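A.B. asks: So for the sequence shown, the working numbering puts the first residue at 303; every next one is plus one.
Below: one structure in structure tokens.
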Amino acid sequence: MNKRLFQLGLSLLGVMAASSVLAVSAPAWTAKLPEAVKWQETTSIGTLLVGTSASISSLDPETGAIQWTRSEFAKTSPFNVREIPGTPVLLVNDHSSMMAPKTKLAALDIITGKTIWETEKEMGYPIGAFPILSKKLVLVFQNGSSEGGGVYMTAYEILTGKKLWRVKYSGASDVILHRAENSGKFFVTMDLSGNAEPVV
């Protein structure tokens, strides 16, 4: 075979391979969000939840169209934004202030992003929210520095968000906490993300 023809053939193969790689890696769509994406996950109904440092958005995974955005929920993570299995409800375990933290739980319609109900703020930094369908409630754990310190557990009705009870679960050092996914570099926050789901 002519050496020049052989080199030409190799060059053509290289061009074809490069074009196929470019075709595969080209994005199907892009979406413009106000901040950099911190996390993303697909919901049970097929929508794409995207968290930034200052918001949560729901996108159509086929087109990238933003269906709704909630900008009041900052520094979330997949651990504190959870679906209630078998329902169109999304629980967002929110907090405010680093010096005297308070926890609030909001239930959002996963399709529209509208608030279904939300709780009053409780003292303490949120470290976990766990829906317990068999009891029709959701348990919210807070790591509190007030009320004597320690880990507190509050139960809310899943349907209404009504507060049922609040108890001290343990002392501050009795529960193993793990570095939270949304922890900052200077203010390190911990949560129950490395622990097993609670058994009721």
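Idealized CB from N, CA, C, for every residue including glycine.
Computed from a predicted model, the values in this text were never measured in an experiment.
Rounding to the nearest angstrom, what Cα-Cα distance links Phe308 and Trp331 in this structure?
C.D. replies: For Phe308, the predicted model reports a pLDDT of 44, less than 50, meaning its position is unreliable; a value from the coordinates is still stated below. Each residue's alpha carbon lies about 39 Å from the other.
A.B. asks: Decide if Gly452 is buried, meaning its Cβ has at least 16 other Cβ atoms within 10 Å, or exposed.
C.D. replies: Here Gly452 is buried, its C-beta having at least 16 other C-beta atoms within 10 Å.
A.B. asks: On a Cα-Cα basis, can you pick out the residue from Ile434, Val391, Leu361 that is closest to Val501?
C.D. replies: Val501 has its Cα closest to that of Ile434, out of Ile434, Val391, Leu361.
A.B. asks: How should Ala408 be labelled, buried or exposed, when 16 other C-beta atoms within 10 angstroms of its C-beta is the threshold for buried?
C.D. replies: Burial call: buried.
A.B. asks: By DSSP, does Lys404 sit in helix, in strand, or in coil?
C.D. replies: Here Lys404 sits in strand by DSSP.
A.B. asks: Assuming Asn382 is part of the beta strand (DSSP E), what are its boundary residues?
C.D. replies: Careful: Asn382 lies outside any beta strand (DSSP E) and carries neither H nor E.
A.B. asks: Considering only their Cβ atoms, is the gap separating Gln444 from Thr405 smaller than 7 Å?
C.D. replies: yes
A.B. asks: How is Lys437 classed by DSSP in three states: helix, strand or coil?
C.D. replies: helix
A.B. asks: Taking buried to mean at least 16 other C-beta atoms within 10 Å of its own C-beta, is Ala338 buried or exposed?
C.D. replies: exposed
A.B. asks: Determine, using beta carbons only, whether Glu459 and Leu479 come nearer to each other than 7 Å.
C.D. replies: no
A.B. asks: At a cut of 8 Å, does the region 362 to 370 reach the region 378 to 395 through at least three beta carbon pairs?
C.D. replies: No, they do not touch.
A.B. asks: Look up Ile418 in the DSSP assignment and give the residues it is bridged to.
C.D. replies: The partner list for Ile418 (beta bridge, DSSP) is empty, contrary to what the question assumes.
A.B. asks: What would DSSP say about Ser327, mapped onto helix, strand or coil?
C.D. replies: Correct three-state label for Ser327: helix.
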